[in-house]
Structures are given as structure tokens and as C-alpha cells.
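See below for the structure under consideration.
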Amino acid sequence: MAEFKDLKDFIVSGKLEDAKTLVNEAIASGVVAEDIINHYLIKGMEEIGLRFEEGRAFVPNLLLAARAMKGCLDILKPLLKDTSETSLGTLVIGTVKGDLHDIGKNLVASMLEGCGFEVINLGVDISDRQFVEAVRKYNPQIVCLSALLTTTMNYMKNVIDTLAAEGLRDSVKVLIGGAPVNEEFAIKIGADGYSANANGAVVLAKRILQVC
Numbered sequence: 008m009a010e011f012k013d014l015k016d017f018i019v020s021g022k023l024e025d026a027k028t029l030v031n032e033a034i035a036s037g038v039v040a041e042d043i044i045n046h047y048l049i050k051g052m053e054e055i056g057l058r059f060e061e062g063r064a065f066v067p068n069l070l071l072a073a074r075a076m077k078g079c080l081d082i083l084k085p086l087l088k089d090t091s092e093t094s095l096g097t098l099v100i101g102t103v104k105g106d107l108h109d110i111g112k113n114l115v116a117s118m119l120e121g122c123g124f125e126v127i128n129l130g131v132d133i134s135d136r137q138f139v140e141a142v143r144k145y146n147p148q149i150v151c152l153s154a155l156l157t158t159t160m161n162y163m164k165n166v167i168d169t170l171a172a173e174g175l176r177d178s179v180k181v182l183i184g185g186a187p188v189n190e191e192f193a194i195k196i197g198a199d200g201y202s203a204n205a206n207g208a209v210v211l212a213k214r215i216l217q218v219c
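Heads up: take any position in the sequence shown, counting from 1, add 7, and you land on the working numbering.
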């Protein structure tokens, strides 16, 4: 599969159309979807994540890479035998009630999906009851809560408390992120972890699910 090694570079550089073209060529050559994802797409997302951590890439680079990854996944998903068998785990993510910001949340979702997780993106302004319903419906291992406002960050605790009241808290790990929150706040509200950026969320999710 050496002839498709440029696919990883296309993901890293965010070249959507070039990446999609090469994915289609790989499929036509008989390369199975799982191998394309594992050998090229995920490796590309891991590389851009590493560059971000080292200060050699920035948020716009992550967004472009995530867009290229999503475009390729849209082509490959219908060819996957069983998403549950190929994913690293399932996560539910959403911006909490009262908060309509979604750029950072969507970047985290794209990075997680790009690195092999099945991601259920609930959107913005999500209530505690909606998170509970999603946990019951999708049976995720992790719930990711996002907030960008100091006026909405405290709603994260509502979600955690409602999960506990419904007997679901012990079945999921809760991760939080967003500009106004930090590790201290995560501990205060009973969350299982905090990440300051998208790549950190991937690292944390892998560590929690022991798939590093």
C-alpha cells in the first residue's frame, strides 16, 4: 500500500479533494476501508495532533485536517463491516444548555472521530435530560461536555448530577472542556477529566479507555 502513503500527508496538510481522490483510488485498487482508516487517516490525525502539541501546527491546521478526515470517512463509512467492531469506543459530545458555541466542540468531535472513535455529536444547548437520553440510547463509554461561557459552565454539574440520579453515572466517564473551565473545576463538579484542547481530548479518551 506504499503507493497511497501520500494520503497521510494530505490529511496532515488538510487537502480535502486530494485526500478524497486518493481514497477512491485505494478503494478501486482493492484496499479495504479499515486499512485505509488505520494505516493512513488515523496516522495523519495523530501527526497533526502531535504537531499541534509541539507548537508546529495551530487551530486552523487542525480544522483543515479534520475536514479532510471527515470527507474521507464519508466515503469509507458505507464500506465498513461494523462500526462497533472497528471503533476505539463510543463517545457522546455536546455543548451544555444555554450555550450555543460549537466550533471548539466540533473540532474535538472531528479529532476524536478522526482518531478512531465513534462520536455522537448532540449539538448545542443540550439539556441534562438530553444527555441522559443519549447515554441510554447509544451506551457510550465517555460523555464530553463543552461550555464557552462562565454563565453556562456550572450547568455541567447539572448533567453529572442527573446522570447520577438516573443511575448512569458509574457507566460513563465524563470529560469537560471549554475556555472558562479547568482541571480544578473538573474536580469540583465531579468530572473524570479535563482537556484544554482537541488533541488533549483524544489523548485523554485513549488513556481512559486504555487504547493508547
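For each residue, glycine too, the CB sits at the ideal point set by N, CA and C.
Please read all numbers here as calculations on a predicted model, not as lab measurements.
- Item | Whole-number beta carbon distance between C79 and A26, since they are thought to touch under 8 Å | Against the sequence shown, residue 26 aligns to sequence position 19. Against the sequence shown, residue 79 aligns to sequence position 72. Right, their Cβ atoms sit about 5 Å apart.
- beta strand (DSSP E) segment containing V218, residue limits: Residue mapping note: residue 218 aligns to position 211 of the sequence shown, counting from 1. No beta strand (DSSP E) contains V218, which DSSP labels as neither H nor E.
- Item | Identity of the residues DSSP links to V126 by a beta bridge | Position 119 of the sequence shown holds residue 126. Partner(s): L98.
- Item | N-terminal and C-terminal residue of the beta strand (DSSP E) that I227 is part of | With the chain running from 8 to 219 in the structure shown, residue 227 is simply not present.
- Give the straight-line distance between the Cα atoms of L175 and V139, rounded to the nearest whole angstrom. The sequence position of residue 175 within the sequence shown is 168, counting from 1. The sequence position of residue 139 within the sequence shown is 132, counting from 1. Looking at the two C-alpha atoms, the distance is approximately 8 Å.
- To the nearest whole angstrom, what separates the beta carbons of V179 and I149, a pair I think is in contact under 8 Å? As a position in the sequence shown, residue 179 is number 172, starting the count at 1. As a position in the sequence shown, residue 149 is number 142, starting the count at 1. Right, the Cβ-Cβ distance comes to about 6 Å (below 8 Å), so this counts as a contact.
- Item | Nearest neighbour of T169, chosen from M52, T158, E190, R143 [CA to CA] | As a first step, residue 169 must be located in the sequence shown, where it is residue number 162. For the residues M52, T158, E190, R143, the minimum Cα distance to T169 belongs to R143.
- Message: In the DSSP output, what is Y201 paired with across the bridge?
- Response: Taking the first residue of the sequence shown as position 1, residue 201 is located at position 194. According to DSSP, which records beta bridges pairwise, Y201 is partnered with I183.
- Query: Which term fits V19, buried or exposed, when burial requires 16 or more other beta carbons within 10 angstroms of its beta carbon?
  - Reply: Here residue 19 refers to the residue found at position 12 of the sequence shown. Looking at its Cβ environment, which holds 16 or more other Cβ atoms inside 10 Å, V19 is buried.
- According to DSSP, is D132 helix, strand or coil? The residue given as residue 132 occupies position 125 in the sequence shown. Correct three-state label for D132: strand.
- Are there 16 or more other CB atoms within 10 angstroms of the CB of P147, so buried, or fewer, so exposed? By 1-based counting over the sequence shown, the position of residue 147 is 140. Under this definition P147 is a buried residue.
- Report the option in E41, E10, L87, I49 whose CA atom is closest to the CA atom of E32. The residue you call residue 32 lines up with position 25 of the sequence shown. For the residues E41, E10, L87, I49, the minimum Cα distance to E32 belongs to E10.
- Query: Can the beta-carbon of V126 be found closer than 8 Å to that of I167?
  - Reply: Position 119 of the sequence shown, counting from 1, holds the residue named residue 126. Position 160 of the sequence shown, counting from 1, holds the residue named residue 167. Cβ distance not < 8 Å, so V126 and I167 don't count as in contact.
- Coil, strand or helix - V103 by DSSP: Position 96 of the sequence shown, counting from 1, holds the residue named residue 103. Of the three classes helix, strand and coil, the one that applies to V103 here is strand, per DSSP.
- Whole-number beta carbon distance between D132 and G105, since they are thought to touch under 8 Å: Taking the first residue of the sequence shown as position 1, residue 105 is located at position 98. Taking the first residue of the sequence shown as position 1, residue 132 is located at position 125. Their Cβ separation, rounded to whole angstroms, is 7 Å, which keeps G105 and D132 in contact under 8 Å.
- Item | Exposed unless 16 or more other CB atoms sit within 10 angstroms - verdict on L86 | For this step, residue 86 is matched to residue 79 along the sequence shown. Counting Cβ neighbours within 10 Å, L86 comes out exposed, since fewer than 16 surround it.
- With 16 as the cutoff for other CB atoms within 10 Å, does S202 come out buried or exposed? In the sequence shown, residue 202 corresponds to position 195, counting from 1. Looking at its Cβ environment, which holds 16 or more other Cβ atoms inside 10 Å, S202 is buried.
- Ignore the nearest five residues each way along the sequence and tell me which others in E60's own chain have a CB closer than 7 Å to its CB. Numbered from its first residue, the sequence shown carries residue 60 at position 53. Closer than 7 Å at Cβ, skipping near neighbours: N206.
- Query: Nearest-angstrom Cα distance between A72 and A172?
  - Reply: As a working mapping, residue 72 is identified with position 65 in the sequence shown. As a working mapping, residue 172 is identified with position 165 in the sequence shown. Distance between the alpha carbons of A72 and A172 is about 39 Å.
- Given that a residue counts as buried once 16 or more other Cβ atoms are within 10 Å of its Cβ, and exposed if not, what is I44? In the sequence shown, counting from the first residue as 1, residue 44 sits at position 37. Result: buried.
- Task: Identify whether R63 lies in helix, strand or coil by the three-state DSSP scheme.
- Result: Indexing the sequence shown from 1 puts residue 63 at position 56. Reduced to three states, the DSSP call for R63 is coil.
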